[in-house]
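Peer 1: This note's numbering applies: residue 103 is where the sequence shown begins, and numbers increase by one.
Here a beta-carbon is modelled for each residue, glycine too, at the ideal position from N, C-alpha and C.
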Amino acid sequence: AIHRAAGPELRAACAALGGCETGEAKITPGFRLPARYVIHTVGPVWGGGERGEDRLLARCYGNSLALGLNHGLATIAYPAISTGAYGYPPERAARIALRTVIAGLAGTEAIERVVFCCFGALSRESHEAALAAARRRT
Numbered sequence: 103a104i105h106r107a108a109g110p111e112l113r114a115a116c117a118a119l120g121g122c123e124t125g126e127a128k129i130t131p132g133f134r135l136p137a138r139y140v141i142h143t144v145g146p147v148w149g150g151g152e153r154g155e156d157r158l159l160a161r162c163y164g165n166s167l168a169l170g171l172n173h174g175l176a177t178i179a180y181p182a183i184s185t186g187a188y189g190y191p192p193e194r195a196a197r198i199a200l201r202t203v204i205a206g207l208a209g210t211e212a213i214e215r216v217v218f219c220c221f222g223a224l225s226r227e228s229h230e231a232a233l234a235a236a237r238r239r240t
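1) Flag this pair as yes or no: are the beta carbons of Ser166 and Glu193 separated by less than 8 Å?
2) I'd like the span of the beta strand (DSSP E) that includes Pro110, first residue to last.
3) May I ask you to list the residues that DSSP assigns as paired with Ile129?
4) Under 8 Å between the Cβ atoms of Ile198 and Val140?
5) Among residues of its own chain, excluding the 5 on either side of Thr202, which ones have a beta-carbon nearer than 6 Å to its beta-carbon?
6) In chain order, what residues of the same chain lie with their CB nearer than 6 Å to the CB of Ile183, ignoring the 5 residues before and after it?
7) With three or more C-beta pairs closer than 8 Å as the rule, is the region 206-221 touching the region 176-190?
8) Taking only three categories from DSSP, how would you classify Tyr163?
9) Indicate whether Ile204 and Gly170 have their beta-carbon atoms separated by less than 8 Å.
10) Roughly how many whole angstroms lie between the Cα atoms of Pro191 and Arg226?
11) Taking the C-alpha atoms as reference points, what is the distance between Tyr188 and Ala127?
12) Quick check: the Cα distance between Cys46 and Ile129, rounded to an integer number of angstroms?
13) Is any heavy atom of the ligand PLP found at a distance shorter than 7 Å from the C-beta of Ala187?
14) Measure the alpha-carbon distance for Ala115 versus Gly186 and round it to whole angstroms.
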């Protein structure tokens with residue numbers, strides 16, 4: 103859907119990136135999207151949690167955030183990385199996402215707004231619970 107909305111330029115820009123390893127993040131212009139940039143990352147496939155999936159998922163969020171900071175973004179939006187076809191448990195993924203982004207924003211005011219795009223009730227509820235838990239810790 104994102105490639106259709108951004109136009110063929112996005113597909114060409116992605117091809118020029120030379121791939122993206124799990125946990126890595128790369129950035130392209132947003133082309134026809136209502137966003138200056140698109141940050142691309144590859145999340146881990148859930149394999150039961152014994153193959154470093156949590157660390158790799160945290161790297162997706164952390165590396166994406168670092169790119170956003172380096173490019174002067176005021177807003178960054180994340181999908182629920184790896185929770186769809188890659189089978190990551192939504193509750194666990196939401197905790198990792200919130201923890202990583204909150205830690206990455208510590209000491210900076212550059213990014214003013216973080217959006218977690220939740221496609222479905224379970225994703226939304228998982229992110230709300232993770233945010234509530236994070237607020238209790240601070």
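Peer 2: With the structure as the only source:
1) Along the sequence shown, one-based indexing puts residue 166 at 64. Along the sequence shown, one-based indexing puts residue 193 at 91. No. Outside cutoff.
2) Residue mapping note: residue 110 aligns to position 8 of the sequence shown, counting from 1. No beta strand (DSSP E) contains Pro110, which is instead part of the alpha helix (DSSP H) from Pro110 to Ala118.
3) Position 27 of the sequence shown, counted from the start, is the residue given in the question as residue 129. Bridge partners of Ile129: Ile141.
4) In the sequence shown, counting from the first residue as 1, residue 198 sits at position 96. In the sequence shown, counting from the first residue as 1, residue 140 sits at position 38. Against a cut-off of 8 Å, the Cβ pair of Val140 and Ile198 comes out as no contact.
5) For this step, residue 202 is matched to residue 100 along the sequence shown. Here the set comprises Ala160, Tyr163 and Gly164.
6) Within the sequence shown, numbered from 1, the residue matching residue 183 stands at position 81. Cβ within range, chain order: Gly145 and Cys162.
7) yes
8) The residue labelled residue 163 in the question sits at position 61 within the sequence shown. The answer is helix: DSSP assigns Tyr163 an H, G or I state.
9) On the sequence shown, residue 204 is found 102 positions in, with the first residue counted as 1. On the sequence shown, residue 170 is found 68 positions in, with the first residue counted as 1. For Ile204 and Gly170, no; Cβs fall outside 8 Å.
10) Taking the first residue of the sequence shown as 1, we reach residue 191 at position 89. Taking the first residue of the sequence shown as 1, we reach residue 226 at position 124. When rounded, the distance between both Cα atoms is 13 Å.
11) By 1-based counting over the sequence shown, the position of residue 188 is 86. By 1-based counting over the sequence shown, the position of residue 127 is 25. Answer to the nearest angstrom: the Cα atoms are 17 Å apart.
12) Since the displayed the chain opens at 103 and closes at 240, residue 46 lies outside it and no answer follows.
13) For the ligand PLP, the structure offers nothing, since it holds no ligand at all.
14) On the sequence shown, residue 115 is found 13 positions in, with the first residue counted as 1. On the sequence shown, residue 186 is found 84 positions in, with the first residue counted as 1. When rounded, the distance between both Cα atoms is 24 Å.
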